[in-house]
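Chemist: Mind having a look at this structure? Questions to follow.
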Amino acid sequence: MTRSLDRLIRPRSIAVFGGKEAGRVIEQCDKMGFAGEIWPVHPTKAEIHGRRCYRSVAELPQAPDASFVGVNRNLTIEIIRDLAARGAGGAVCYASGFREAVTELADGDDLQNALVAAAGDMPILGPNCYGFINMLDGALMWPDQHGMVRIERGVAVLTQSSNIACNISMQQRGLPLAYILTAGNQAQTGLCDLACAVLEDPRVTAVGLHIEGFDSIEALERLASRARELKKPVVTLKVGKSEQAQLATVSHTASLAGNDAVSSALLSRLGIGRVETLPELLETLKLLHLHGPLDSFDISSMSCSGGEASLMADAGVKRKVVYRALREEQRLPLRESLGQMVTIANPLDYHTFVWGNREKQTEAFTAMMRGGYALNLIVLDFPRLDRCDASDWVTTCHAVIDASRAAGARAGIVASMGENLPEETALMLMENGVAPFYGIEEALAAAEAAATIGAIWEKPLPAPLLNVAAADGEPITLTEHEAKEALAAFGLPVPEGRVAETAGQAADAADALGYPVVLKGLGVAHKTEAGAVKLNLQTREAVLEAASAMAGVASGYLVEKMVGRPVAEVIVGAMRDPVAGPVLTVGAGGILVELLEDSAILTLPTDETAIRAAICGLKVAKLLQGYRGGPPGDVDALVAAVASAASYVVSNASIVDELDINPIMVLAKGDGVVAADALIRLRK
Numbered sequence: 001m002t003r004s005l006d007r008l009i010r011p012r013s014i015a016v017f018g019g020k021e022a023g024r025v026i027e028q029c030d031k032m033g034f035a036g037e038i039w040p041v042h043p044t045k046a047e048i049h050g051r052r053c054y055r056s057v058a059e060l061p062q063a064p065d066a067s068f069v070g071v072n073r074n075l076t077i078e079i080i081r082d083l084a085a086r087g088a089g090g091a092v093c094y095a096s097g098f099r100e101a102v103t104e105l106a107d108g109d110d111l112q113n114a115l116v117a118a119a120g121d122m123p124i125l126g127p128n129c130y131g132f133i134n135m136l137d138g139a140l141m142w143p144d145q146h147g148m149v150r151i152e153r154g155v156a157v158l159t160q161s162s163n164i165a166c167n168i169s170m171q172q173r174g175l176p177l178a179y180i181l182t183a184g185n186q187a188q189t190g191l192c193d194l195a196c197a198v199l200e201d202p203r204v205t206a207v208g209l210h211i212e213g214f215d216s217i218e219a220l221e222r223l224a225s226r227a228r229e230l231k232k233p234v235v236t237l238k239v240g241k242s243e244q245a246q247l248a249t250v251s252h253t254a255s256l257a258g259n260d261a262v263s264s265a266l267l268s269r270l271g272i273g274r275v276e277t278l279p280e281l282l283e284t285l286k287l288l289h290l291h292g293p294l295d296s297f298d299i300s301s302m303s304c305s306g307g308e309a310s311l312m313a314d315a316g317v318k319r320k321v322v323y324r325a326l327r328e329e330q331r332l333p334l335r336e337s338l339g340q341m342v343t344i345a346n347p348l349d350y351h352t353f354v355w356g357n358r359e360k361q362t363e364a365f366t367a368m369m370r371g372g373y374a375l376n377l378i379v380l381d382f383p384r385l386d387r388c389d390a391s392d393w394v395t396t397c398h399a400v401i402d403a404s405r406a407a408g409a410r411a412g413i414v415a416s417m418g419e420n421l422p423e424e425t426a427l428m429l430m431e432n433g434v435a436p437f438y439g440i441e442e443a444l445a446a447a448e449a450a451a452t453i454g455a456i457w458e459k460p461l462p463a464p465l466l467n468v469a470a471a472d473g474e475p476i477t478l479t480e481h482e483a484k485e486a487l488a489a490f491g492l493p494v495p496e497g498r499v500a501e502t503a504g505q506a507a508d509a510a511d512a513l514g515y516p517v518v519l520k521g522l523g524v525a526h527k528t529e530a531g532a533v534k535l536n537l538q539t540r541e542a543v544l545e546a547a548s549a550m551a552g553v554a555s556g557y558l559v560e561k562m563v564g565r566p567v568a569e570v571i572v573g574a575m576r577d578p579v580a581g582p583v584l585t586v587g588a589g590g591i592l593v594e595l596l597e598d599s600a601i602l603t604l605p606t607d608e609t610a611i612r613a614a615i616c617g618l619k620v621a622k623l624l625q626g627y628r629g630g631p632p633g634d635v636d637a638l639v640a641a642v643a644s645a646a647s648y649v650v651s652n653a654s655i656v657d658e659l660d661i662n663p664i665m666v667l668a669k670g671d672g673v674v675a676a677d678a679l680i681r682l683r684k
């Protein structure tokens, strides 16, 4: 087991190996005031940046806490082995040419395995890794420029990509960056392990992850649990939605990207926020740094323009945030401070009647902020400071600060265009507890992510994920009848049916069941396309005729009672995700599967509360509620049916390769549901 990362990421002594890159690490540490010892190691140089050079690990005064190894890949392995033997605290492996380059270098995989073996229980970052920046202690294992400053408290951002880390370090948004850490190939130490280590630093308030591939589900669960215990939220930018992004991820980091919809479900289950862009990640971290998770999705918006109010309202349409209506007790003070010409609403256009008047603006903002909103936003785009006078804009900022303090409320100032909020203003707002947001979309994304984390943290901790290895055998496909029998044993309602080998036996079965019936050909994968399913057969003769027509494609027959007309058809499926293991899908079924693309993912194990929430979030839920005078569907029975399918998958997790129940016929409320078709593939 790898030792603690504390010595590596918060070092008191640093060793650097190599030439140019090692020299840059020393430069950066000196520039940022690192107070510990720095020992250069070089085979020929006498000194680097005024410091004596040592010839080897053995010559060092003591085992270093952190080492930057900036030499070729083969020599890297030797140095790592020597550092581990000496009892060093950990190392950054800068060199590339390992597993990330296996398509170009045949020995890349072997070398990465050798590197991990050489490290033993000593923590290493990389290989193919820039290192990290610790601005709390001025410790920079970083061979390049950056845009960060020393701080006493802030957020940590972690990424596999060194270039993304460089870009984030250059942000001018007022975000206090305590750590930036890169993981490279994650050969031994993954992003989640690093995140857990920085969470333990009392000076860290929140963590942001730029994820190309999950390194370990167990580590992700540990991170989520510890974040909740410490009340330090984690938010992610998970890439890999597009096929191109997934290909780039594999070639760049040799990580498994996984299914994007499953990733969202997994992160949601664990109470880890998710955003779509780097700006959204940074804006969300600002909000979390100042205020932590939000206690609801209710927000307010104020601006001195109807156009800005409309932009805020429209941007909220696709978000979960809610512009909750004003409370009655807010209306009078707002009217008194803003006058009769202003329409009192949320979002609020407060016009320019109080513009430049700090006292009146404070009164209006305070009245709005006393409405119990989780976050109160004021839209404010600064003029160009090189050409204009921004005094009145500064006045508005101070009015927002005054109001947030008076109301004891969370507040943010939003520039509709990012370039219209000066960095010095953003820093001033952060110092005074007001979040400066660069962009309307980014502000609402931050609010949604923070509220989502808050909502999940209010729930009990979920059960550990169903992380069961798949059996090695070749998959076999059960017949429809076998699949239904297996699912019925777990409580799934299926039609009454019988199996027959001949057309005559099928007709006899239909007589026994009672008409109308459905006739299906066994051993046919796509029955409808092959003409191997006939519905609503009313007579023995119709069954005989249908069976004869299927004789050329079917190995036998399944005769079932015809199900009544459903309110809606739903699909329930299961697949084995390469990252999260077995997961369940529920969505619009029948012919609507591909047409609507209406589905939700449930990670396993699950419960009826989560199943009901997933169903209620579907587009087809409108049908289930009784659409345009139609009868409501039996949602309770549907929830129970999905729970039965989930129970089957959980109980057979190691052998279930694929499950497809399509459709589940949802009948009118009180009449139940029936699984009309089912497919199961098992690994025996």
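The opening position of the sequence shown corresponds to residue 1 in UniProt numbering, with each subsequent residue numbered one higher. Ideal placement from N, C-alpha and C gives every residue a C-beta, glycine not left out. Quantities reported herein were computed from a predicted structural model and do not represent experimental measurements.
Nearest by alpha-carbon distance to GLY497: which of VAL559, MET550 and SER599 is it?
Modeler: VAL559
Chemist: Could you tell me how far apart the beta carbons of ASP577 and ALA588 are, in whole angstroms, since I believe they sit closer than 8 angstroms?
Modeler: Contact doesn't hold; Cβ gap of about 21 angstroms is too wide.
Chemist: Looking at the unbroken beta strand (DSSP E) that takes in GLN210, where does it start and where does it end?
Modeler: For the record, residue 210 in the displayed sequence is His; it is not Gln. From DSSP, the beta strand (DSSP E) with HIS210 extends over 204-211.
Chemist: CB-CB under 6 angstroms to VAL321, same chain, minus the five flanking residues each way: which ones, in chain order?
Modeler: PHE297, ILE299, LEU444, ALA447 and GLU448
Chemist: What are the start and end residues of the beta strand (DSSP E) that includes TYR438?
Modeler: 434-438
Chemist: When DSSP labels each residue in this structure, what does THR603 get in the three-state scheme?
Modeler: strand
Chemist: How long is the line joining the alpha carbons of SER225 and THR2, rounded to whole angstroms?
Modeler: 20 angstroms
Chemist: Which residues mark the beginning and the end of the alpha helix (DSSP H) in which ARG226 is found?
Modeler: Counting along the chain, the unbroken alpha helix (DSSP H) around ARG226 starts and ends at 217-230.
Chemist: Among the residues of its own chain, which have a CB less than 6 angstroms from the CB of VAL198, if the five just before and after it don't count?
Modeler: ALA156, TYR179 and VAL204
Chemist: Just to confirm, is the Cβ distance from residue 689 to GLN330 under 8 angstroms?
Modeler: The question about residue 689 has no answer here: the residues shown for the chain are numbered 1 through 684.
Chemist: Are LEU679 and ASP660 touching if we call contact CB-CB under 8 angstroms?
Modeler: yes
Chemist: Suppose the cutoff is 6 angstroms on Cβ atoms and the five residues either side in sequence are ignored; what does the same chain contact list for ARG410 look like?
Modeler: HIS291 and LEU375
Chemist: For CYS93, which beta-bridge partners are listed by DSSP?
Modeler: VAL69
Chemist: So what does DSSP say about MET368, is it helix, strand or coil?
Modeler: helix
Chemist: Verify whether the separation of the beta carbon atoms of LEU281 and VAL317 is less than 8 angstroms.
Modeler: no
Chemist: Following the continuous alpha helix (DSSP H) through residue 701, name the residue where it begins and the one where it ends.
Modeler: No information on residue 701 is available, as it lies outside the stretch 1 to 684 that the chain covers here.
Chemist: Can you look up LEU158 in the DSSP assignment and give me helix, strand or coil?
Modeler: strand
Chemist: State the CB to CB distance for the pair ILE80 and ALA91, rounded to an integer number of angstroms; the pair is presumed to be in contact (CB under 8 angstroms).
Modeler: Yes, they are in contact, since the Cβ atoms of ILE80 and ALA91 sit about 6 angstroms apart, within 8 angstroms.
Chemist: Among the residues of its own chain, which have a CB less than 8 angstroms from the CB of LEU5, if the five just before and after it don't count?
Modeler: Closer than 8 angstroms at Cβ, skipping near neighbours: GLY90, PRO123, THR189, ASP193, LEU194 and ALA197.
Chemist: Looking at PRO64: is its Cβ nearer than 8 angstroms to the Cβ of CYS53?
Modeler: no
Chemist: Nearest CA to the CA of ARG565: which residue from LYS520, ASP634 and ALA614?
Modeler: Considering only alpha carbons, the answer is ASP634.
Chemist: For GLN244, which residues in the same chain have their Cβ closer than 8 angstroms to its Cβ, ignoring the five residues on either side in sequence?
Modeler: Any answer about GLN244 is weak, because its pLDDT of 41 lies below 50 and its placement is not dependable; what the coordinates show is given next. There are no such residues.
Chemist: Quick one: complete alpha helix (DSSP H) runs, 4+ long, within the segment 424-500?
Modeler: 440-457 and 480-488
Chemist: Which runs of the alpha helix (DSSP H) at least 4 residues long sit entirely within the segment 530-605? Give them in chain order.
Modeler: 540-550 and 592-596
Chemist: Determine the DSSP secondary structure at TYR373, reduced to helix, strand or coil.
Modeler: coil
Chemist: From which residue to which residue does the beta strand (DSSP E) around VAL674 run?
Modeler: 673-675
Chemist: Would you mind giving the Cβ-Cβ distance between ILE334 and MET312, rounded to the nearest angstrom? I have them listed as a contact below 8 angstroms.
Modeler: It should be pointed out that residue 334 corresponds to Leu in this sequence rather than to Ile. With 8 angstroms as the limit, LEU334 and MET312 do not qualify as a contact, their Cβ atoms being about 17 angstroms apart.
Chemist: In the DSSP assignment, the alpha helix (DSSP H) including GLY306 goes from what residue to what residue?
Modeler: 306-316
Chemist: Would you give the residue range spanned by the beta strand (DSSP E) that ASN113 belongs to?
Modeler: Per DSSP, ASN113 belongs to no beta strand (DSSP E); it is in the alpha helix (DSSP H), 108-119.
Chemist: Could you say which of LYS622, ARG612 and TYR627 lies nearest to ASP636 if we only look at CA atoms?
Modeler: ARG612
Chemist: Decide if ALA227 is buried, meaning its Cβ has at least 16 other Cβ atoms within 10 Å, or exposed.
Modeler: So ALA227 counts as buried.
Chemist: Can you list the alpha helix (DSSP H) stretches of 4 or more residues lying completely in the segment 160-196, in chain order?
Modeler: Taking only runs of at least 4 residues, the alpha helix (DSSP H) segments lying wholly in the segment 160-196 are 162-169.
Chemist: Leaving out five residues before and five after SER263 in sequence, what residues of the same chain have Cβ atoms less than 6 angstroms from its Cβ?
Modeler: LYS238
Chemist: Here's a check: name, in chain order, each residue in its chain whose Cβ is nearer than 7 angstroms to the Cβ of LEU105, leaving out the five neighbours to either side.
Modeler: GLY97
Chemist: Could you check the C-alpha separation between GLN186 and LEU604 for me, to the nearest Å?
Modeler: As the crow flies, the alpha-carbon of GLN186 is around 26 angstroms from that of LEU604.
Chemist: Which of the three DSSP states, helix, strand or coil, is assigned to TRP39?
Modeler: strand
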